[in-house]
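Q: What follows is a structure written as structure tokens; I'll ask about it next.
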Amino acid sequence: MTGAADTITVLHVDDTPEFVDPAAAQLEQADAGLTVRTATHPDDALAILSASGSGARSESVAESKLEPDIDCVVSDYDLPGRNGIAFLEAVREEHPELPFVLYTGTGSEGIASDAIAAGVTDYLPKNTGADPYETLAKRIRNAVSTRRAGVAAAERRDRLEQILTTVPSCVVQLDYEGRFVFANDRATAVLGLTESDLTDRAYNDPAWAITDLDGDPIPDEDLPFRRVRDTGEPVSGVIHTIEWPDGTRKILHINGAPLFDADGNVDSVVFSLSDVTERTRRERELEQARAEYEQLIEGMNDAAWVIDADGSFLAVNGAAVEITGYGRSELLSMSLRDIDVDVDPDSDDARAYGLDRLRGPEIASDDRRVFETVHRTRDGEQIPVEVSSSVVDYRGQAALLSVARDVTARKERERRMEEFASVISHDLRNPLNVAQGSVELARDEHPSEHLDRAEQAHTRMQDLIDDLLTLARHGEAAIDPEPIDLGALTEACWRTVSTGTATLDVTCSRTIAADRGRLQQFLENLLRNAVEHGSTSPEPAAHGDADGRGPTTAETGSEAGTEETVHITVGDLDDSPTGGGFYVADDGPGIPPDSRDAVFESGHSTAPDGTGFGLHIVAEIAAEHGWSIRVTDADSGGARFEVTGVTPVDAEPDG
């Protein structure tokens, strides 16, 4: 069996049809890996080569099918219009490296000499040996194998040069004799020579003045190049000094490895070099970067602390000094237990800061923790703070950088919001309940459409109160994410929404990280919106809503005809660019593009009994979680709310 790499396509050119076709069959029989095409005129052969291209496939001139690439040309000398030498020269103009075997019965030393001068790959008289086709097949395979090996070697050299050129390290390549044949830009900088100067030198050029660290010369056989070339084994960690043209001594750290040819012999040696001087420069840059970083931290308005695994302060900024009232030296002698009211570094509560990350066998540097706690000042004042804590490298050791923001003003706003919510909940609900009860009593005694309108107004007031409470109590309170089965929670929300004849199909199977209470209201509002705006009368509407949807059931009433049931689908967004998401879609009248942003605005509603807060609350909850939400067209023509940026989790949902 012949592998794909052994397959060879031959173009056999001979002006005698009764010879060329049997010859092609004999060649294929002599070597099962050969596929032979034929041509009886050199112009036809050139057209086939042109159609074949170099590694490409194109329409054949002779047949309406794709021609394979030609790996080798076999040609007679006597051809119509031009002889084999002229044909060879024409082939070489377009395909200078294509193997070409002159296989002719018209043989002479002159023809052979001309063929060699024209660049023929091989010359073979017909009827050579007992089995001429077996001999020809071997010559073809040898020619193609040699060509392929050359192409592969050239490709390897190109790839190696590309790699060596782009790597950030100092890299040089020396041939078998020890002369520099390649040096990337970094190498010329480290060695203090231009590329042309470097390639004029050998590894042991006296100008290098190579010595060990004690200044003693190193024998030639002990130099890294000779050790690699003579043994075929790599070396690493070799250190010696060289002298630059300006007399500067440089200490080089050297790693080297051999490169082998196709026969397994050492062909050349590649070295990576590093200047110790360079290491010192990098250390200075690192120190400068550290100083700039500390200066940046020092300029922050929030208190910043660098904390070790025991909870002790390694560094503090000026804001920490100002806010706590302690001097800098005092703080540097203290620890978390001295200023944090709620967190004891010796207890499990230290997980809030992330001290556990510094004490474990593995340090997760990408784990940032945000939480609220209380800091105590020198005067005993307690300040509520929001802390962001991350692992950093501080002077060569892992530590925590904790930034504490004073949230006293935010807490005061939240307190006022809670008072506002209490007023709404108690002081408005009570008189509203009285009014609703009075309407019911009045209807029993004197039924009137005026009472119906009053009841509708009371219902709208109740909805407004509920939505205002939601907005007020959300405020700036932190969310508490947990793993939640999105499909299961959607089903539960559906049971709490007045759905009428609407139907639901839940196809999502994703577990996401979200605040359960917020997500429940998020889903309920979207489902309620789909039910209220998606269910419409089949009778054409006299006018449209501001968002382009048709009138709701409440607008049309039962007189308009039988209500058309809306179908709602909740599913996963597998193609979300953020890697997680879901959608809520209906088959109702949809929302036109120019009205889609407005649906999330506070107070926007197209229903006369709507509060205009439902989708605004949806947008607020999405923002709290860091999600994005947009409206687009559903496949059924209705509205589709897409939520992206949702964090999927692998943990099992809790409940």
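In terms of our numbering, the sequence shown is residues 552 to 1206. The beta-carbon is built from N, C-alpha and C at its ideal position, and this holds for glycine as well.
Kindly indicate which three-state DSSP category D565 falls into: helix, strand or coil?
A: For this step, residue 565 is matched to residue 14 along the sequence shown. In the structure shown, D565 sits in coil (DSSP, three-state: anything other than H, G, I, E or B).
Q: In its own chain, which residues sit with a C-beta less than 8 Å from the C-beta of V695, not counting the 5 before and 5 after it?
A: Against the sequence shown, residue 695 aligns to sequence position 144. Here the set comprises I559, D622, C623 and P650.
Q: For L1124 and D853, what's the separation of their Cα atoms in angstroms?
A: The residue you call residue 1124 lines up with position 573 of the sequence shown. The residue you call residue 853 lines up with position 302 of the sequence shown. If I take the Cα positions, the gap works out to 39 Å.
Q: So, helix, strand or coil for N735, using DSSP?
A: Translated into positions along the sequence shown, residue 735 becomes position 184. Coil.
Q: Reducing DSSP to helix, strand and coil, say where P1034 ends up.
A: Looking up residue 1034 in the sequence shown gives position 483. DSSP places P1034 in strand when its eight states are reduced to three.
Q: If you reduce the DSSP assignment to three classes, tell me which class G1099 lands in.
A: For the purposes of this step, residue 1099 is taken as the residue at position 548 of the sequence shown. With a pLDDT of 36 at G1099, under the threshold of 50, the modelled position of this residue cannot be trusted; read the value that follows with caution. Three-state result, G1099: coil.
Q: Do I1142 and A1190 have their C-beta atoms closer together than 7 Å?
A: In the sequence shown, counting from the first residue as 1, residue 1142 sits at position 591. In the sequence shown, counting from the first residue as 1, residue 1190 sits at position 639. Yes, these two residues count as a Cβ contact at 7 Å.
Q: Identify the continuous alpha helix (DSSP H) that holds H791 and give its terminal residues.
A: On the sequence shown, residue 791 is found 240 positions in, with the first residue counted as 1. No alpha helix (DSSP H) holds H791; the beta strand (DSSP E) holding it covers V786 to E794.
Q: So, for V652: in the same chain, excluding its five sequence neighbours on each side, which residues have a beta-carbon less than 8 Å away from its beta-carbon?
A: Mapped onto the sequence shown, residue 652 falls at position 101. Taken in chain order, the residues that qualify are C623, V624, V625, S626, V671, T672, D673, Y674, L675, L687, R690, I691 and A694.
Q: Mind checking which residues open and close the alpha helix (DSSP H) that includes L1166?
A: Mapped onto the sequence shown, residue 1166 falls at position 615. Start and end: G1165 to H1176.
Q: Would you kindly work out how many angstroms separate the C-alpha atoms of D1184 and E1033, rounded to a whole number?
A: One-based indexing of the sequence shown puts residue 1184 at position 633. One-based indexing of the sequence shown puts residue 1033 at position 482. Answer to the nearest angstrom: the Cα atoms are 31 Å apart.
Q: Can you name, in chain order, every residue of its own chain whose Cβ lies under 8 Å from the Cβ of S1187, other than the five neighbours on each side?
A: In the sequence shown, counting from the first residue as 1, residue 1187 sits at position 636. Closer than 8 Å at Cβ, skipping near neighbours: H1118, A1136, D1137 and D1138.
Q: Helix, strand or coil for P770, going by three-state DSSP, please let me know.
A: Here residue 770 refers to the residue found at position 219 of the sequence shown. Reduced to three states, the DSSP call for P770 is coil.
Q: According to DSSP, simplified to helix, strand and coil, what is I621?
A: Within the sequence shown, numbered from 1, the residue matching residue 621 stands at position 70. Three-state result, I621: coil.
Q: Please work out which residues of its chain come closer than 8 Å, Cβ to Cβ, to E1027, disregarding the five sequence neighbours upstream and downstream, and give them in chain order.
A: As a working note, residue 1027 is residue 476 in the sequence shown. Note that E1027 has pLDDT 49, beneath the 50 cutoff, so the model's placement of it is unreliable and the number below is only indicative. Correct list, in chain order: R961, R964 and E965.
Q: Residue range of the beta strand (DSSP E) that E937 falls in?
A: In the sequence shown, counting from the first residue as 1, residue 937 sits at position 386. Where E937 is concerned, the enclosing beta strand (DSSP E) stretches over Q933 to Y945.
Q: Straight-line CA distance for Q1071 to E1042?
A: Within the sequence shown, numbered from 1, the residue matching residue 1071 stands at position 520. Within the sequence shown, numbered from 1, the residue matching residue 1042 stands at position 491. Roughly 10 Å separates the two Cα atoms.
Q: Would you call the region 838-848 and the region 813-830 touching, i.e. three or more CB-CB distances under 8 Å?
A: No, the region 838-848 does not touch the region 813-830.
Q: Going by other Cβ atoms of all chains shown within 10 Å of its Cβ, with 16 needed for buried, is I790 buried or exposed?
A: Taking the first residue of the sequence shown as position 1, residue 790 is located at position 239. It is exposed - the Cβ of I790 has fewer than 16 other Cβ atoms within 10 Å.
Q: Suppose contacts are defined by Cβ-Cβ distances below 7 Å. Is V938 in contact with D957 by that definition?
A: Position 387 of the sequence shown, counting from 1, holds the residue named residue 938. Position 406 of the sequence shown, counting from 1, holds the residue named residue 957. No; because the gap between Cβ atoms is not below 7 Å, this pair is not in contact.
Q: At what residues does the beta strand (DSSP E) containing L865 begin and finish?
A: Along the sequence shown, read from residue 1 onward, the residue named residue 865 stands at position 314. Element bounds for L865: F864 to V867.
Q: What would DSSP say about C721, mapped onto helix, strand or coil?
A: Here residue 721 refers to the residue found at position 170 when the sequence shown is read from its first residue. DSSP places C721 in strand when its eight states are reduced to three.
Q: Express the C-alpha separation of R919 and S941 in angstroms, rounding to a whole number.
A: Indexing the sequence shown from 1 puts residue 941 at position 390. Indexing the sequence shown from 1 puts residue 919 at position 368. If you take the alpha carbons of S941 and R919, they lie about 5 Å apart.
Q: Cα-Cα, which of I1172, N735, S863 and H997 is closest to L952?
A: Taking the first residue of the sequence shown as 1, we reach residue 952 at position 401. Checked all of I1172, N735, S863 and H997; the closest Cα to L952 is S863.
Q: Tell me which same chain residues have a C-beta within less than 8 Å of the C-beta of A641, skipping the five on either side of it?
A: Here residue 641 refers to the residue found at position 90 of the sequence shown. Excluding sequence neighbours, A641 sits near P593, L597 and R633.
Q: Checking the sheet assignment: what are the DSSP bridge partners for A855?
A: In the sequence shown, counting from the first residue as 1, residue 855 sits at position 304. Answer by DSSP bridge pairing, in chain order: V954.
Q: Where DSSP assigns a beta bridge to A949, which residues make up the other side?
A: Against the sequence shown, residue 949 aligns to sequence position 398. A949 is bridged to D944.
Q: Grouping DSSP H, G and I as helix and E and B as strand, with all else coil, what is E1110?
A: Mapped onto the sequence shown, residue 1110 falls at position 559. Here the model assigns E1110 a pLDDT of 38, short of 50, so the residue's position is not dependable and the matter cannot be decided.
Q: Look at the alpha carbon of L639 and the alpha carbon of A663, and state the distance between them as a whole number of angstroms.
A: Your numbering for residue 639 matches position 88 in the sequence shown. Your numbering for residue 663 matches position 112 in the sequence shown. Cα to Cα, L639 sits roughly 13 Å from A663.
Q: Return helix, strand or coil for A753, following the three-state DSSP convention.
A: Looking up residue 753 in the sequence shown gives position 202. If DSSP states are grouped into helix, strand and coil, A753 belongs with the strands.
Q: For E579, which residues in the same chain have their Cβ closer than 8 Å to its Cβ, ignoring the five residues on either side in sequence?
A: Indexing the sequence shown from 1 puts residue 579 at position 28. Taken in chain order, the residues that qualify are L585, T586 and V587.
Q: Going by CA-CA distance only, name the one from F1133, T655, A753 and P1199 that's closest to V1182.
A: Translated into the one-based positions of the sequence shown, residue 1182 becomes position 631. Looking at the Cα atoms, F1133 is the closest of the given residues.
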